[in-house]
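> The following block contains the structure, expressed as structure tokens.
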Amino acid sequence: MSARRPLPRWADIALLPAINLLLAFLVSGLVVLLVGQNPLHAIQVIIYGAFGYGDGLGYTLYYATNFIFTGLAVAVAAHAGLFNIGGDGQAYVAGLGAIIVALALDQTHWLLVLPLAVMASAAFGGFWAFVPGWLQAKRGSHVVITTIMFNFIASALMVYLLNRVLKTRTNMAPESDTIEVAGRLPQLRQFISFFGYSPVNLSIVIAVLALIGVYILIWHTKFGYAMRVLGANPTASRYAGISNSRMIMITMAISGALAGMMAINEVLGVQNRLVLDFVAGAGFVGIAVALMGRNHPVGIALAAILFGALYQGGQELQFVIPGITREMIVVIQALVILFTGAMEGLFRPSLERAFMLFSPEQKAQAIAVSTAKPEA
Amino acid sequence: MDIAAILSILDATIRLSTPLLLACLAGMYSERAGIFDIGLEGKMLAAAFAAGAVAAITGSAWLGLLAGMAVSLSTTLLQGAAAITLKGNQLIAGVAINMLAAGMTTFLGQTWFSQGGRTPPLQPGGRFEPITLPFANELAGIPILGQIYADLISGHYILVYIAFIMVPVTAFVLYRTRFGLRLRAVGENPKAVDTAGISVVKQRYQAIIITGLLCGVAGAYFSIAQGSGFGNNMTAGKGYIALAALIFAKWKPVPAMFTCLLFGFLDALQIRLQGAQLGGVEIPVQAIQALPYVLTVILLAGFIGKAVGPKAGGVAYTKER
């Protein structure tokens, strides 16, 4: 057997994920068939629900904003060879930073609240990821296990704070005070009536800035280069004079800060207060988004919109087709993670073989075989 | 606190630590063979649903248990295909399994039974009944020892006894059999095992098959022993606690039992401590809930001893070309 050749770049970053995604959708379609519904009708409903009208598109973009932040968080860590599974906890704790600033300044103006809240949420989220990073760098504990544990610790901490510290006297529900109108982030519908009643807001602009920022950070700075060296080969990076432990800590802090900025969208943009479990698993969706987007900002933007569309379309789905619940979306998500992440190798060998058929060597060999004299 | 109150807390401890213990031992087989398993939660959840659904339909707890084990096993094999055969990222495979189980159980539960994701309540025979050990009633009158025997040791579901019997069994299998030696070797140094002519892939599959079966029992315990029917997300993070316990016990069977008992005790305490005072200060229930996770973080950081996992854990084995 001839040696494997790596796939052309376009096939690696576009074709392979597309095939894996298709497979995830096919299996999801089978699940829909299994419960006696028509998958094609389901797809139709999802697409119309997500893109077909202003409100739907607005919701899609609102969900996508969250997923851009959490996807970027996973991607930045992945470039340094770290798997940050704690986006959920980081964003949850970051909500605390956002609400503290917002409630302190909500009498002023959102233009003042926004930058400070961004900094606060990034700082809180960053801190919640820095500690696992520090533990890995200095004490050798695995960042995956630590971030999982930190998700649960964050959850317990926030339940306590919302019930005992932030809860208002007048309100029975475990939630914080509501931010005054002056401190809330403007909704896009205030400028573009097309978006109807959807909650997409100015934080989508911050998400786009974050995408650009991460692109520059990873591919156009010395730090980003060091990060990628660490991810590709920690031994090489150490011999190159890079402090691996310092890189791990800073990278995790950046990753957590990005996950934390998700809180801006939810707390300042939509809920206007801190509520229980407002992250709702977005940190885990970030894993799927980063895997699908191949850890590249452009890919992440596209994957985030795809997942935003699935979320919004999934909401419609449960109203239009009885018997299908929105958990179907979690199933699709899981299948995307399974096929694009864990089973990424499923089609690679056959795809590599298919590409070999068109390679110059293969042609030469084929010609040689066809022109060779049959053995006596 | 009188003896009855103490016994009732300890009784709850045993009940609450049983699924942890089963899942923890399950994870031990997998991780000792070099496969990191963060999918314990998902496998238990899938098994709990299958067991609850089948027991509700057939009215047989045993069929429910079998169904739970079968579903857990197939989930494990899917994860194994990704992590062993396709050499994919073991952690990502685990995350996918957890999400798949969370989505599928609620989705199928809702579409099949239309009760908000729950399975129908179980008929008599559909769930395991507590077992009264011999002479438990006669001995109950004897103070302390008799009470301990009657209230604490007797009167549990059969799955509880299976879980605790599995501790010496696991210790024996891991340390006293050829299979166990090879299993541990595959987790420490797969290359050496390969050189000795033993298939690393086959050995790892054998390990995760045991993982799958044990997770199936753990999951079934939730829906057809402890509860009567499956409820949405009923494992509620216990898979992660089991994972924490596994690390805390440094991947050893007997310490695993004590760790699971400790975490079960914390859980029992947390239920009892709602609103309780300690020296005039109210202990937040959340602090006790978070304790296992905090302890694991501290342990992993080496502040209270060092937890070093199997050396070859987390990486798929590739033969040199």
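Residue numbers (the working numbering), protein chains in the order written: chain A, 595 to 970; chain B, 17 to 337.
Ideal placement from N, C-alpha and C gives every residue a C-beta, glycine not left out.
1) Is there at least one Cβ from chain A nearer than 8 Å to B/Val70's Cβ?
2) DSSP state of A/Arg769, grouped into three classes?
3) Which ranges would you report for the alpha helix (DSSP H) in the stretch 86-145 of chain B if only whole runs of at least 4 residues count?
4) Compile a chain-ordered list of the residues in the stretch 114-140 of chain B whose CB is closer than 7 Å to at least one CB of chain A.
5) Kindly identify the DSSP beta-bridge partner or partners of A/Asn795.
6) Could you round the C-beta distance between B/Ala272 and B/Ala39 to whole angstroms and report it? I think they count as a contact, below 8 Å.
7) Do A/Ala618 and A/Ile881 have their C-beta atoms within less than 8 Å of each other?
8) Under the rule that 16 or more other beta-carbon atoms within 10 Å means buried, what is A/Ile810, buried or exposed?
9) Around the C-beta of B/Arg194, are 16 or more other C-beta atoms found within 10 angstroms, so that it is buried, or is it exposed?
10) Apart from the five residues just before and just after B/Thr34, which ones in its own chain have a Cβ nearer than 7 Å to its Cβ?
11) Roughly how many angstroms separate the alpha carbons of B/Val217 and B/Pro300, rounded to a whole number?
12) Mind listing the chain A neighbours of B/Pro184? Cutoff is C-beta to C-beta under 8 Å, in chain order.
13) A/Arg733 touches chain B at which residues, Cβ-Cβ below 7 Å?
14) Of the residues A/Ala711, A/Gly648, A/Met886 and A/Ala748, which one's Cα is nearest the Cα of A/Gly683?
15) Near B/Ile19, what residues of its chain come up, given a Cβ to Cβ distance below 7 Å and the 5 sequence neighbours on each side ignored?
16) Expressed to the nearest angstrom, what Euclidean distance is found between the alpha-carbon atoms of B/Gly68 and B/Tyr173?
17) When the Cα atoms are used, what is the spatial distance from A/Leu610 to A/Leu951?
18) In the structure shown, what three-state DSSP assignment does A/Phe901 receive?
19) For A/Arg603, is the classification buried or exposed, using 16 other Cβ atoms within 10 angstroms of its Cβ as the cut-off for buried?
20) Closest Cβ-Cβ distance between B/Leu102 and chain A: below 8 Å?
21) Mind checking if B/Ala86 is an interface residue toward chain D, Cβ cutoff 8 Å exclusive?
22) Using 10 angstroms around the beta-carbon of A/Thr815, count the other beta-carbons present and answer buried if the total reaches 16, otherwise exposed.
23) Leaving out five residues on either side along the sequence, give the residues of the same chain with a beta carbon under 7 Å from the beta carbon of A/Ala919.
24) Taking C-beta to C-beta, are A/Gly646 and A/Pro633 nearer than 8 Å?
25) Report yes or no: do three or more beta-carbon pairs, one from the stretch 205-214 of chain B and one from the stretch 274-290 of chain B, lie closer than 8 Å?
26) Assuming B/Asp27 and B/Gly110 are in contact, meaning their beta carbons sit under 8 Å apart, how far apart are those beta carbons, in whole angstroms?
27) Measure how close the beta-carbons of A/Gly863 and A/Asn795 come, nearest whole angstrom, since I'm counting them as under 8 Å.
28) B/Ser46 and B/Ala63: beta carbons closer than 8 Å?
29) Could you give the uninterrupted runs of the alpha helix (DSSP H) lying entirely in the stretch 897-953 of chain A, keeping only those of 4 residues or more?
30) Determine, for B/Ala66, whether the minimum Cβ-Cβ distance to residues of chain A falls below 8 Å.
31) Determine which residues of the stretch 899-925 of chain A have a Cβ less than 8 Å from any Cβ of chain B, and write them out in chain order.
32) Quick one: is A/Gln701 near chain B, going by C-beta distance under 8 Å?
33) Would you please verify whether the beta carbon of A/Met595 is less than 8 Å from any beta carbon of chain B?
34) Quick one: list the residues of chain B neighbouring A/Phe878, beta-carbon separation under 8 Å, in chain order.
35) For A/Ala948, is the classification buried or exposed, using 16 other Cβ atoms within 10 angstroms of its Cβ as the cut-off for buried?
36) So that I know if they touch, is there some Cβ in chain B lying closer than 8 Å to that of A/Ala970?
Looking at the coordinates:
1) So no, B/Val70 is outside the interface.
2) Residue identity differs from the one stated: residue 769 of chain A is Glu in this sequence, not Arg. Correct three-state label for A/Glu769: coil.
3) As far as the stretch 86-145 of chain B is concerned, its whole alpha helix (DSSP H) runs of at least 4 residues are 106-129.
4) Met115, Leu116, Ala118, Gly119, Met120, Thr122, Phe123, Gln126 and Thr127
5) A/Gln781
6) About 10 Å; that fails the 8 Å criterion.
7) Taking 8 Å as the Cβ cut-off, A/Ala618 and A/Ile881 do not qualify as a contacting pair.
8) exposed
9) Exposed.
10) Leu175, Val176, Ala179 and Tyr237
11) 47 Å
12) By Cβ distance, chain A contributes nothing, its closest Cβ being about 27 Å from B/Pro184, past 8 Å.
13) Within 7 Å Cβ-Cβ: Ala317 and Gly318.
14) A/Ala748
15) Ile160 and Gln163
16) If I take the Cα positions, the gap works out to 16 Å.
17) 17 Å
18) helix
19) exposed
20) For B/Leu102, the closest Cβ of chain A is nearer than 8 Å.
21) Looking at the structure shown, chain D is missing, and the protein chains on hand are A and B.
22) Classification for A/Thr815: exposed.
23) Per the sequence shown, the amino acid found at residue 919 of chain A is Thr instead of Ala. Counting only Cβ-Cβ distances below 7 Å, and skipping sequence neighbours, we find Gln912.
24) no
25) no
26) That pair is no contact at about 33 Å.
27) 4 Å
28) no
29) Within the stretch 897-953 of chain A, complete alpha helix (DSSP H) segments of at least 4 residues are found at 921-930 and 942-950, given in chain order.
30) Put simply, the CB of B/Ala66 is far from chain A, with every gap to its CB atoms at 8 Å or more.
31) Gly917, Ile918, Thr919, Glu921, Met922, Ile923, Val924 and Val925
32) no
33) Any reading at A/Met595 needs caution, since the residue's pLDDT is 43, under 50, leaving its predicted position unreliable; the model's value is listed next. Cβ-Cβ to chain B under 8 Å: no for A/Met595.
34) Val111 and Met115, listed in chain order.
35) That one is exposed.
36) Here the model assigns A/Ala970 a pLDDT of 48, short of 50, so the residue's position is not dependable, and the following value carries that caveat. Chain B contact via Cβ: absent.
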